[in-house]
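The working numbering puts the first residue of the sequence shown at 3, with every later residue one more than the last.
C-beta: ideal position from N, C-alpha, C; glycine also.
Note sheet for the following structure.
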Amino acid sequence: MFERLGGNIQKKKLEKALEMLRNESPQELRRKLGQMDTQEILQKIDEFDPRKLNQMGISLDEIKSKVTERDFEKLVQVLGPDGAIIAQRLKSLLK
């Protein structure tokens, strides 16, 4: 039960992140995100495998249907060279 509740919270965070990525300029996103630690982001991504996401009630198919190549391009634009690494890791998770 707690895992599902945690999944709902994570799902809302994912939805908010996608909304911000689509609706805000790269400059505004950089300002809001500040100096992000790439290793910390990659570590968080590694914590989520498809089975765990499914247990949390988060559908990878649903996320795949919402995320576009343009979203990944903007992510790289916002995060710079580290963004390419993060985008690639996210793409591999969504395969």
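(request) Could you tell me the boundaries of the alpha helix (DSSP H) in which residue 84 lies? (result) 83-96
(message) Taking 6 angstroms as the limit between beta carbons, can you name the residues of its chain near residue 74, skipping five residues before and five after?
(response) 89
(request) Leaving aside the five residues before and after residue 85 along the sequence, list all residues of the same chain whose C-beta is less than 8 angstroms from its C-beta, in chain order. (result) 77, 78, 79
(message) Which runs of the alpha helix (DSSP H) at least 4 residues long sit entirely within the segment 5-65? Give them in chain order.
(response) 28-35, 40-49, 52-57
(request) Can you give me the Cβ contacts of residue 40 inside the same chain, cut-off strictly under 6 angstroms, excluding the 5 residues immediately before and after it? (result) 84
(message) In whole angstroms, give me the CA-to-CA distance for residue 82 and residue 60.
(response) 28 angstroms
(request) State the Cα-Cα distance for the pair residue 14 and residue 27, rounded to the nearest angstrom. (result) 21 angstroms
(message) Using only the alpha-carbon positions, how far apart do residue 87 and residue 35 sit?
(response) 17 angstroms
(message) As a quick exercise: from 46, 72, 63, pick the residue whose alpha carbon is nearest that of residue 25.
(response) 72
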